[in-house]
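This report refers to the structure that appears directly beneath it.
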Amino acid sequence: MAELLQFVFSGLTVGAIYALVALGFTLIYKASDIINFAQGEFVMLGGMITVFAAQAGLPLPVAALLAIFLTTAVGLALHRFAVAPARGATPVALIMITIGASIFLRGVAQIVFDKRFHSLPSLFGGDPIKIGGAAILPQSLVVLASASIIVLVLWLFIDRTMLGKAVIATAANRLAARLIGVDTRSIVDFSFAVSAAIGAIAGILITPIALTSYDAGTLLALKGFAAAMLGGIGSAPGAVVGGLMIGMIEALSAGYISSNYKDAVAFLIILVVLIFIPQGLFGRAKVERV
Amino acid sequence: MRALLETRLLPAIAVAAIVIVLPWFFPSMFYYRIGTLVFIYALAVVGLNLLMGFAGQVSLGHAGFLGIGAYSVAIGPTYLGMPSWLSLFAGAALSGIVAFLVGRPILRLKGHYLAVATLGFGLLVAIVLSNEAGWTGGPDGMTVPKLTLFDWSVRGSDTWYWIACATCVLGFVLALNLMHSPTGRSLQAIHDSEIASLVLGVDVASKKLTIFIISAIYASVAGSYLALFNGHVTPDVAGFLRSIELVAMVVLGGMGSIVGSLVGAIVLVVLPQVLTVFHEYEQALLGLIVMVFMIFLRRGIVPSLVAMLKGWRK
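Top to bottom, those sequences are chains A and B. The opening residue of the first sequence carries number 0 in numbering that gives the first Met the number 0; numbering runs sequentially from there. The opening residue of the second sequence carries number 0 in numbering that gives the first Met the number 0; numbering runs sequentially from there.
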């Protein structure tokens, strides 16, 4: 029982990070129909900038804020200088641009920072807390709490503010949104900025547990994308559930089956789910009009 | 001359002319090596282009088939006593069967869902290859015995250049013929509108499956060549980044353009070699160039240039 509890906690922690990355995918997809494969690099930048700013002598909270600010700027720049100029290109071409951007950001991180692994001190020390026989790192609780807060704030924001309504309008029908006076370009700008910020926060949160390096983003983007698709692309609850599910499946299969095959089990389950529910768990089936 | 220019074999003829003339200008063996890699990748890319450019189906896991082909020529001769050439065909057959089994359920998925399903498939292959160390040597990979054809041991980059070149041209010609066959035309119809082609009586599911199997075989043969040429193989050959690289070659060269497949392979094989001059700036520059190409030649290099030329002539 203690063992199961241990696996569940580690699964939830990793899953929360996947969920945040998946939310980033979802936000940008909602606003612009683009799958942004540079999403993982936002996570990497969040972690790496914090590490190096802290090494340069900044206090940790200031370093973290700086990292979120800079990553948000990178997200905005990605839209303004790479995605927006290619407006009207096919979805595959747009995806290629974001893949190019992710290679570019990895390359820049390699030059500006270095190729080593880095960690951050966790917020409440490294002594594990015992719950029902399972040892839980305080940082795991920080991750879970922060992820919950981000999801809640994002939901309140989208549901309760004018800007949020504009995002929903843009997602529903871009042309109609423009007709009623929504500046859809700024909405897409905004979605890139928020996705980048969420990614950066995820990176800062996970670095004390999982370490970070210039190429940490690829795997996270892959898992986040898979989580978003498992939940049903464009569905925010789907992204959260998908992320947590993949985290849990990985932790449980690493614990009970084989840690070498944890990714294999995760993707096998994704394949099976998609074969039976082709639009993902929470996605709406697309009806093609002829 | 005009009739010759209009013929569907024009791209193949142009390519053949270039590759025969090119070696005269090669200053060293290294250039043969790069040329060989270009042809091998172009073969895989043409197969993927049939799937993506003509049938409109995305695959983010095509390196999985590259991996099956590569490990076939490694495992066949080493453990099963099969000659390399037979292993190559066995690998191609295996890839076809795997594509059939995997393709049947997942080709019903659309767009990004198909992308994630194929991505999952590619990862599964890579994970199996790096974990079944008893057969594959694990993450360090294994040595691939040299290709021997009737007592003739194939060695040297210049020999491989011609073999890869011939196979690549053959692959191009087959692809061109396929495009202009009834199957090719129904595939293009599927690309334009799946429902419309269904209404017109195209067996959409079986056509998609056919092209998926064909593209898997292209990738498998390319993978076998890659392994035989390098003499060594690691699970990276089936990795996610390799799949992305193949897709990048298709999109960069131009979806639906056979010549584009070669151009895409040239750009992404040669460019990293050129960029090594810039040492640590290599990756950043590569990313930047991919972005710039896609922003300014968004339909891919070849189709965009063709459109430009046509506009200019008018």
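For glycine and all other residues, C-beta sits at the position ideal for the given N, C-alpha and C.
Span of the alpha helix (DSSP H), counted from its first residue to its last, around residue i
i	result
A:Ala227	216-230
A:Ala165	161-171
B:Asn229	203-229
B:Leu199	Element bounds for B:Leu199: n/a, residue is neither H nor E.
B:Asn48	28-48
B:Arg103	83-105
B:Arg241	239-252
A:Ile274	261-275
B:Val168	156-178
A:Ser234	Where A:Ser234 is concerned, there is no enclosing alpha helix (DSSP H), given that its DSSP letter is neither H nor E.
A:Met0	From DSSP, A:Met0 is part of no alpha helix (DSSP H); its letter is neither H nor E.
A:Ala83	From DSSP, A:Ala83 is part of no alpha helix (DSSP H); its letter is neither H nor E.
A:Ile33	Note, A:Ile33: premise wrong, no alpha helix (DSSP H); not H, not E.
B:Ser58	First-last for B:Ser58: undefined, no H or E at that position.
B:Trp134	132-135
A:Val181	Counting along the chain, A:Val181 falls outside any alpha helix (DSSP H), and DSSP gives it neither H nor E.
B:Lys309	300-312
A:Glu293	With chain A running from 0 to 289 in the structure shown, residue 293 of chain A is simply not present.
A:Thr70	59-76
A:Gln301	Nothing about residue 301 of chain A can be read from this structure; chain A reaches only from 0 to 289.
Chain B residues whose Cβ lies nearer than 7 Å to that of residue i
i	result
A:Asp262	Leu122, Ile126
A:Phe266	Gly119, Leu122, Leu123
Residue i, enclosing beta strand (DSSP E) - first and last residue
i	result
A:Ala92	Unbroken run through A:Ala92 is the alpha helix (DSSP H), 90-111; no beta strand (DSSP E).
Residue(s) in a DSSP beta bridge with residue i
i	result
A:Ile135	A:Ile128
B:Leu148	B:Trp151
B:Val124	B:Val124 is not bridged to any residue.
A:His117	A:Thr211
B:Met290	Paired residues: none, contrary to the question.
B:Thr142	B:His231
Nearest-angstrom beta carbon gap, residue j and residue i [assumed within contact, 8 Å]
i	j	result
A:Ala201	A:Val61	Going by Cβ atoms, the distance from A:Ala201 to A:Val61 rounds to 19 Å, so no, they are not a contact pair.
B:Ala342	B:Ala165	Limits of chain B in this structure are 0 at one end and 313 at the other, which puts residue 342 of chain B out of reach.
B:Leu42	B:Ala221	4 Å
B:Ser71	B:Ser58	In fact, because the Cβ distance is near 20 Å, the residues do not count as touching under 8 Å.
B:Ile126	B:Val97	In fact, because the Cβ distance is near 15 Å, the residues do not count as touching under 8 Å.
B:Gly140	B:His231	6 Å
B:Ala283	A:Val82	18 Å between Cβ atoms; not a contact.
B:Ala44	B:Met248	One detail in the question is off: residue 44 of chain B reads as Val in this sequence, not Ala. Contact holds; Cβ gap of about 5 Å.
B:Ala62	B:Gly102	Rounded, the Cβ-Cβ distance is 16 Å, inconsistent with contact.
A:Ser212	A:Arg115	7 Å
B:Gly60	B:Thr117	4 Å
Partners in chain B for residue i, counting only beta-carbon separations shorter than 8 Å
i	result
A:Ala85	Met293, Ile294, Arg297
A:Pro236	The contacting residues do not exist; A:Pro236 stays about 18 Å from chain B at best.
A:Met95	Val246, Ala247, Val250, Leu251, Val289, Met293
A:Phe281	Correct list: empty, because the minimum Cβ distance to chain B is about 13 Å.
A:Ile269	Val115, Ala116, Gly119
A:Ala81	Met290, Ile294
Neighbouring residues, chain B, relative to residue i (Cβ below 9 Å)
i	result
A:Ala170	Those within 9 Å of A:Ala170 in chain B number zero; the least Cβ separation is about 16 Å.
A:Ala88	Met293, Ile294, Arg297, Arg298
A:Val91	Met51, Val57, Val246, Val249, Val250, Met254
A:Asn224	According to the sequence displayed, residue 224 of chain A carries Phe and not Asn. Those within 9 Å of A:Phe224 in chain B are His111, Ala114, Val115, Leu118.
Contacts that residue i makes with chain A (C-beta to C-beta distance below 7 Å)
i	result
B:Arg107	Pro277
B:Pro104	Ile274
B:Asn130	Asn259, Tyr260
B:Ala283	Phe103, Gly106, Val107, Ile110
Interface partners of residue i on chain A, CB under 8 Å
i	result
B:Tyr314	Residue numbering for chain B in the displayed model covers 0 to 313; residue 314 of chain B lies beyond these limits and cannot be assessed.
B:His111	Ile34, Met228, Ile232
B:Ile243	Ile98
B:Phe239	Thr217, Leu221
B:Ala306	Within chain A, no residue comes near B:Ala306; the closest Cβ sits about 14 Å away, beyond 8 Å.
Beta-carbon neighbours of residue i, restricted to chain A and to distances below 9 Å
i	result
B:Gly286	Ile98, Gly99, Ala100, Ser101, Ile102, Phe103, Leu104, Arg105, Gly106, Val107
B:Val344	Because chain B spans 0 through 313 in this model, residue 344 of chain B falls outside it and cannot be assessed.
B:Asn176	In chain order: nothing, as chain A lies at least about 25 Å away.
Query - Stretch-stretch touch, CB-based, cutoff 8 Å, three pairs: the region 247-264 of chain B with the region 65-81 of chain A - result: no
Query raised in the report: Do the region 8-24 of chain A and the region 222-242 of chain A meet, that is, are 3 or more Cβ pairs less than 8 Å apart?
Result: yes
**Report entry** Three CB pairs or more closer than 8 Å across the region 229-246 of chain A and the region 277-284 of chain A
**Finding:** yes
Requested in this report: State whether the region 42-49 of chain A contacts the region 206-215 of chain A, with contact taken as three or more CB pairs (one from each stretch) at a distance under 8 Å.
Outcome: Between the region 42-49 of chain A and the region 206-215 of chain A there are three or more inter-stretch CB-CB distances shorter than 8 Å, so the stretches are counted as touching.
Query - Stretch-stretch touch, CB-based, cutoff 8 Å, three pairs: the region 244-259 of chain A with the region 138-153 of chain A - result: no
Query raised in the report: Should the region 179-186 of chain B be called in touch with the region 25-44 of chain B, which here means at least 3 C-beta pairs below 8 Å?
Result: no
Requested in this report: Evaluate contact between the region 4-13 of chain A and the region 159-168 of chain A, counting only Cβ atoms and requiring at least three cross-stretch pairs below 8 Å.
Outcome: no
Query raised in the report: Can at least three beta-carbon pairs, one atom from the region 211-225 of chain A and one from the region 34-41 of chain A, be found at a separation below 8 Å?
Result: yes
**Report entry** the region 94-108 of chain B contacting the region 141-158 of chain B, beta-carbon criterion three pairs below 8 Å
**Finding:** no
**Report entry** Stretch-stretch touch, CB-based, cutoff 8 Å, three pairs: the region 199-209 of chain B with the region 17-26 of chain B
**Finding:** no
Query raised in the report: Do three or more CB pairs link the region 165-174 of chain B to the region 109-117 of chain B at distances below 8 Å?
Result: no
Query raised in the report: Okay, do the region 286-297 of chain B and the region 90-107 of chain A touch, 3+ Cβ pairs below 8 Å being the bar?
Result: yes
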